[in-house]
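Input: a single structure, listed below in structure tokens.
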Amino acid sequence: MLSKARKEILIKTVTQEIPAYTMSVFKLPNTLYDEMTSMVRTFWWGQTNGRNKMAWLLWDKICIPKKDGGLGFLYLKAFNLALLTKQGWRLQTNTHSLVYHVLKARYFPHSDFLHVELGSKPSFAWQSIMAAQDVVKAGSRWEVGDGSSVQICLDKWLPTHTTFRVTSPPGTLPTDSRAHTLIDDETGEWKTDMIQQLFLPVDADAILGIPKSRNHTRDRIIWAYTPRGIFTVNSAYKRTIWSLSILNKIKSFTWRASRNALPTKVNLCHRGVLEEALCEACGLDEETGGHLFWDCTKARETWTEAGLPIDTQGHVGKELLELIVTIAWCVWYTRNKTQYGTTRQSSREIILKARSILENYQLAQLQKPQHKELADTRWIPPDYPWYKINTDAAVFSTTKSVGIGVMVRDHEGSVLAALSKCMPLPLGPLEAEAKAMDEAVSFTKDIGLQDVIFETDSTTILGALSDTSTALASIDNIKKGTHCSLQDFRRTQIQHIRRHGYRPAHILA
Ligand SMILES: [Zn+2]
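In the UniProt record's numbering, the protein residues as written are 1 to 509.
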């Protein structure tokens, strides 16, 4: 069984990264979204005997971005629309592009993208982009330059309002007046008196708050989208879950706990799985999340034992939060164990376990080798005018054959030539590596290179070729041949590279 945290990663990779290109060009049919969504959902919640496990949460909550406290699975349909909107947005604002000219000539010769209608024979791609027109309309507003394009009463152009529109009654202004009537031709500044007369103070302030330039710039469409800015303590808390330095399974647990999505006894009763919701630890109250982690006498005992330094305002820093959620996970863990007959851990044992999980995890994060390892195994291009040749071999014992990969790159790292072939030879790993090196040498000779570096990850091959004495019997013969061919080049070097450095040759093989 995959853990929830691993499933999360897998789902994202498979369903969301892969179709991104298609979705940025075409609008997928609704049935396809539904199918993909249901596949993801089934996989996330797991399957038992072909029937979906109970969904503890509304699907939409899972699709909320991580920064807002959700699990961050993209809502496929919204994602598709967002990508298409980006295309539409480019059509409105980037009028120098080739695609703009092509599409404009065909679909909107006399207007701009925002005002065009679908037309009679649209292509699929054009229909797809048009699906996003409303979103572009809703998300854009004018930035006033000379004011000649902006309609005062009809367009969205005020930066401060949520509607971006003038709220004052039209008064004496004709409905189609343009914003340039409010701008002084000579100075390029707002006509302050006129604006204060015409508009309600809230609109007048918003207009006068738009900085004007003496240079008469043109009006332009800009993206007006601002986050709704709903902020709650709860969402701030959930936001931090994902930035904590704790095991992924504990993050996942915390997220589920914070959404009341754990299979506590009360939740199981609601689903009709259990009939009795009494807490087994104390036998005094129903087992809700709140009871299990905070109110239960056992829980209180654990928190007292932990002796957490929470200040009187209840402020909790990141490190403390990490310990708290790890303890909570341990409480949940031991609670689950007791369901299968294991003795309940004491508060002291729970705290010790939590501290050691946290410490081990954080130590492991610290000790993760970072740049050193990389530098060691990264492929480095040769100096000009050298060429570097990487080889690799794969042994297919069932078909008694070997795969050989050779890649030739220059000082810029560009691939000059590559060879990949399968040979029906029942070789062992070392013999296959030797064969690959021999093939690489002949191949390089064939394409006429003179200054060459051969890289191998096999120290045995390296030793054999650097030394004229006898090599291991099984490769001695082929080694002699290779050695002989090497004399035909102007300059040669044999180098050792650790395995990860030359992936491409490995893939070819
Ligand atoms: Zn209890």
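The beta-carbon is built from N, C-alpha and C at its ideal position, and this holds for glycine as well.
* Asked: Relative to the C-alpha of tryptophan 379, which residue among Leu83, Val40, Ala131 and Val415 is closest?
  -> A check of alpha carbon separations from tryptophan 379 across Leu83, Val40, Ala131 and Val415 identifies Val415 as the nearest.
* Identify whether tryptophan 100 lies in helix, strand or coil by the three-state DSSP scheme. => The question names tryptophan, yet the displayed sequence has tyrosine at residue 100. Reduced to three states, the DSSP call for tyrosine 100 is helix.
* Asked: In chain order, what residues have a CB nearer than 5 Å to some heavy atom of ligand 1?
  -> The answer, residue by residue, is Cys279, Ala281, Cys282 and Cys296.
* Just to confirm, are valine 331 and phenylalanine 293 a CB contact at a threshold of 8 Å? -> Yes, Cβ-Cβ distance for valine 331 and phenylalanine 293 is below 8 Å.
* phenylalanine 454 and isoleucine 389 closer than 8 Å at C-beta -> Yes; because the gap between Cβ atoms is below 8 Å, this pair is in contact.
* Asked: By Cβ distance below 8 Å, which residues in the same chain neighbour isoleucine 447 in space, the five residues on each side in sequence not counted?
  -> Cβ within range, chain order: Val408, Leu416 and Ala417.
* In this structure, what does DSSP give as the bridge partners for leucine 419? -> Paired residues: Val406.
* Asked: Considering asparagine 267, what are the terminal residues of the beta strand (DSSP E) in which it resides?
  -> Bounds of any beta strand (DSSP E) do not take in asparagine 267; it lies within the alpha helix (DSSP H) bounded by 265-270.
* Residue nearest to serine 397 in terms of C-alpha spacing, selected from Met130, Tyr384, Pro426 and Gly413 -> Out of Met130, Tyr384, Pro426 and Gly413, Pro426 has the C-alpha closest to the C-alpha of serine 397.
* To do: Verify whether the separation of the beta carbon atoms of isoleucine 210 and valine 144 is less than 8 Å.
  => The Cβ atoms of isoleucine 210 and valine 144 sit closer than 8 Å to each other.
* Asked: Roughly how far, in whole angstroms, is the beta-carbon of aspartate 112 from the beta-carbon of threonine 217, given that I think they are within contact range, below 8 Å?
  -> The pair is not a contact, with the Cβ atoms about 18 Å apart (cut-off 8 Å).
* Asked: If you draw a straight line from the alpha carbon of leucine 323 to that of histidine 291, how long is it in whole angstroms?
  -> Whole-angstrom Cα-Cα distance: 19 Å.
* Start and end of the beta strand (DSSP E) containing aspartate 451? -> It spans 451-456 - the beta strand (DSSP E) in which aspartate 451 sits, taken as one unbroken run.
* To do: Please name the residue, chosen from Thr31, Thr167, Asp184 and Glu189, that lies closest to valine 202 on a Cα-to-Cα basis.
  => Valine 202 has its Cα closest to that of Thr167, out of Thr31, Thr167, Asp184 and Glu189.
* Asked: DSSP state of valine 150, grouped into three classes?
  -> Assigned with DSSP and collapsed to three states, valine 150 falls in coil, not helix or strand.
* Using CA coordinates, which residue listed in His96, Leu103, Val99 and Met36 is at the minimum distance from asparagine 80? -> The shortest Cα separation from asparagine 80 among His96, Leu103, Val99 and Met36 belongs to Met36.
* **Three-state secondary structure (DSSP) of histidine 115** => Three-state DSSP puts histidine 115 in a helix.
* **Limits of the beta strand (DSSP E) - the one that phenylalanine 253 falls within** => Not the beta strand (DSSP E): phenylalanine 253 falls in the alpha helix (DSSP H), residues 248-258.
* To do: To the nearest angstrom, report how far apart phenylalanine 253 and cysteine 269 are at their CA atoms.
  => Put simply, the backbone Cα of phenylalanine 253 is about 20 Å away from that of cysteine 269.
* To do: Kindly give me the distance between the Cβ atoms of leucine 262 and glycine 283, rounded to whole angstroms, as I take these residues to be in contact under 8 Å.
  => The beta-carbon distance between leucine 262 and glycine 283, rounded to whole angstroms, is 20 Å. This is too long to meet the 8 Å contact definition.
* Asked: Based on Cα-Cα distance, which residue from Arg220, Asp438, Thr93 and Trp190 lies nearest to threonine 391?
  -> Restricting attention to Arg220, Asp438, Thr93 and Trp190, the CA atom closest to the CA of threonine 391 is found in Asp438.
* **Nearest residue (CA-CA) to arginine 490, options Gln450, Ser466, Ile475 and Asp457** => Ranking Gln450, Ser466, Ile475 and Asp457 by Cα distance to arginine 490 puts Gln450 first.
* In terms of DSSP beta bridges, what is aspartate 392 paired with? -> Partner(s): Gly405.
* Asked: Between which two residues does the alpha helix (DSSP H) carrying isoleucine 461 extend?
  -> Element bounds for isoleucine 461: 459-466.
* To do: Could you give the DSSP three-state label for tyrosine 107: helix, strand or coil?
  => Helix at tyrosine 107.
* Asked: Do isoleucine 129 and glutamine 87 have their C-beta atoms within less than 8 Å of each other?
  -> Yes, the pair counts as a contact, with Cβ atoms nearer than the cut-off.
* **Reference alanine 89; option with closest CA among Lys121, Ser123 and Ala131** => Note on residue identity: the sequence assigns tryptophan, not alanine, to residue 89. Checked all of Lys121, Ser123 and Ala131; the closest Cα to tryptophan 89 is Ala131.
* From this set, Gln487, Asp134, Ile195 and Glu189, which residue's C-alpha is nearest threonine 172's C-alpha? -> Measuring from the Cα of threonine 172, the nearest candidate turns out to be Ile195.
* To do: Grab me the residues of isoleucine 478's own chain with a C-beta within less than 7 Å of its C-beta, minus the 5 sequence neighbours each way, in chain order.
  => Ala434, Lys435 and Asp438, listed in sequence order.
* 7 Å Cβ shell around aspartate 155 - same chain, five flanking residues per side excluded -> Taken in chain order, the residues that qualify are Trp142.
* **Boundaries of the beta strand (DSSP E) in which glutamate 431 is found, first to last residue** => That residue, glutamate 431, is in no beta strand (DSSP E); its alpha helix (DSSP H) goes 429-446.
* alpha helix (DSSP H) containing glutamate 143: first to last residue? -> Where glutamate 143 is concerned, there is no enclosing alpha helix (DSSP H), although the beta strand (DSSP E) around it starts and stops at 140-143.
* **Given proline 122 as reference, the closest of Lys137, Ala306, Lys104 and Ser3 once Cα atoms are compared** => Looking from the CA of proline 122, the closest CA among Lys137, Ala306, Lys104 and Ser3 belongs to Lys104.
* To the nearest angstrom, report how far apart arginine 106 and lysine 27 are at their CA atoms. => About 20 Å.
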